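Per the UniProt record's numbering, numbering through the sequence shown is continuous, rising by one, with the last residue being 309. The beta carbon of each residue, even a glycine, is placed where N, CA and C say it ideally should be. Because the structure is a prediction, the values reported are computed rather than measured.
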Amino acid sequence: MASSTLGKRIMFTGGSGKAGRHVIPYLLSRGHQVLNLDLTPLDHPSVYTLKTDLTDAGQVFNAFTSHFHINDFSKPWHSDTEPVGPVDAVIHFAAYARNMLVPDNECFKGNVLSTYNVIEAACKLGIRKIIIASSETTYGVCFTQGDSDYHSFPLEEDYDCDPMDTYATSKLCGERCARSFARRFTGTDIYALRIGNVIEPHEYEREFPEYVKKPETRKRNAWSYIDARDLGQICDLCIKKDGMGFEVFNATNTTSSLKVPTMKYLKEACPNTPITRDMGEYEAPLSNRKAREVLGFKEEHPWHKYVKV
1 MASSTLGKRI MFTGGSGKAG RHVIPYLLSR GHQVLNLDLT PLDHPSVYTL
51 KTDLTDAGQV FNAFTSHFHI NDFSKPWHSD TEPVGPVDAV IHFAAYARNM
101 LVPDNECFKG NVLSTYNVIE AACKLGIRKI IIASSETTYG VCFTQGDSDY
151 HSFPLEEDYD CDPMDTYATS KLCGERCARS FARRFTGTDI YALRIGNVIE
201 PHEYEREFPE YVKKPETRKR NAWSYIDARD LGQICDLCIK KDGMGFEVFN
251 ATNTTSSLKV PTMKYLKEAC PNTPITRDMG EYEAPLSNRK AREVLGFKEE
301 HPWHKYVKV
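What follows is the structure, encoded as structure tokens:
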């Protein structure tokens, strides 16, 4: 069922990162208020950053009942506009963003513990909407050692995810934590977004021509991507969609990074990988069909709006 479209008070973790710095402005444009929990400030005049170590459960619980801005101290204690208390929604993007930033054990510990702490605090404080960032890497090819084939196409949410790397495994553990808490706290929605390769607006001119001209280099990303602004739309739609409990959504654009029809390319480039259903002419192999059908997502930023090849 759809919920009210009124703006929500949102805790956003990792909002200073590559995706967050575009998703947050989109959420603000939809009337939401945002507090950014990060170790690095976000350069945005309307968003305050509360420096928070998410691997510390005490800091997470405290941050989730914080003021949204230092100026809030000037308001009357009983103000109806800026209550100090549980927020409406939590969006958890903070994480080590890939392998090889820190040793593997630190990547696993930091990502899993922070996700656990965020979900636990939100559930125990009565926050009924939680959105967490999972990853395209869970499909087991992005950070595999050497070349590896997908089990089948398209990649959809019921796929048997079997990655070999630490980062992707940490993201699957996050999904399992989410499923567990959603079962325990009945009435809480926790949606995990398997986010594709995030593309910022300036990267179309700089990066995308090579992606299109050399499709063999995009196998690890399943010839898919997500425009950072379209990711904002998906997050907003998740906030507005109530009553589903635990769900996983591929967060990708509808359009592949290929300039030839998808099924034609896959049959030629991956002849040993079965195709389990007919795909749209240029449908991304990491398919967002569920997000389109369930959430109502409509991509606004396909790559061919910005790139001529």
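Same chain, Cβ closer than 8 angstroms to residue i, five either side skipped, listed in chain order
| i | result |
| --- | --- |
| Leu172 | Ser134, Thr138, Cys161 and Pro163 |
| Ala2 | Bear in mind that a pLDDT of 45 at Ala2, under 50, signals an unreliable position, so the model cannot answer this. |
| Asn117 | Leu54, Thr55, Asp56, Ala57 and Val60 |
| Asn272 | Asp149 |
Residue i (DSSP reduced to helix, strand or coil)
| i | result |
| --- | --- |
| Leu286 | strand |
| Gly14 | coil |
| Val260 | coil |
| Arg277 | coil |
| residue 367 | Residue 367 lies beyond the residue range present for the chain, which begins at 1 and ends at 309; the question has no answer from this structure. |
| Lys241 | strand |
| Val198 | strand |
| Leu266 | helix |
| Asp230 | helix |
| Thr144 | coil |
| Leu6 | coil |
| residue 334 | Here the chain has residues from 1 to 309 only, and residue 334 is not among them. |
Proximity below 7 angstroms, CB of residue i to CB of residue j
| i | j | result |
| --- | --- | --- |
| Asp230 | Asn250 | no |
| Thr166 | Cys123 | no |
| Ile130 | Val90 | yes |
| Thr262 | Glu283 | yes |
| Phe246 | Ala182 | yes |
| His22 | Ala228 | yes |
| Leu50 | Leu37 | yes |
| Phe64 | Ala121 | yes |
| Arg128 | Thr188 | yes |
| Phe68 | Leu28 | no |
| Pro76 | Leu125 | no |
Opening and closing residue of the alpha helix (DSSP H) in which residue i lies
| i | result |
| --- | --- |
| Glu203 | Glu203 to Lys213 |
| Thr166 | Thr166 to Arg184 |
| Ala121 | Asp104 to Lys124 |
| Pro25 | Gly20 to Ser29 |
Extent of the continuous beta strand (DSSP E) run through residue i
| i | result |
| --- | --- |
| Lys129 | Lys129 to Ser135 |
| Asp189 | Asp189 to Ile195 |
| Ala251 | Phe246 to Ala251 |
Residues near residue i in its chain [Cβ-Cβ closer than 6 angstroms; skip 5 each side]
| i | result |
| --- | --- |
| Asn197 | Asn221 and Tyr225 |
| Arg98 | Tyr167 |
| Ile190 | Ile130, Ala178, Ala182 and Phe246 |
| Glu156 | Ser287 |
| Tyr211 | Arg218 and Ser257 |
| Leu266 | Phe153 |
| His301 | Asp227, Arg229 and Asp230 |
| Val248 | Glu157 and Ala192 |
Own chain residues within Cβ distance below 7 angstroms of residue i, not counting five before or after
| i | result |
| --- | --- |
| Thr40 | Ser16 |
| Thr115 | His92, Ile132, Gly174 and Cys177 |
| Lys8 | His32, Asp88, Ala89 and Ile239 |
| Phe185 | Cys123 |
| Leu113 | Thr55 |
| Tyr26 | Arg229, Gly232, Gln233 and Asp236 |
With a floor of 4 residues, list each alpha helix (DSSP H) that falls wholly inside the region 34 to 102, ordered by position along the chain.
57 to 63
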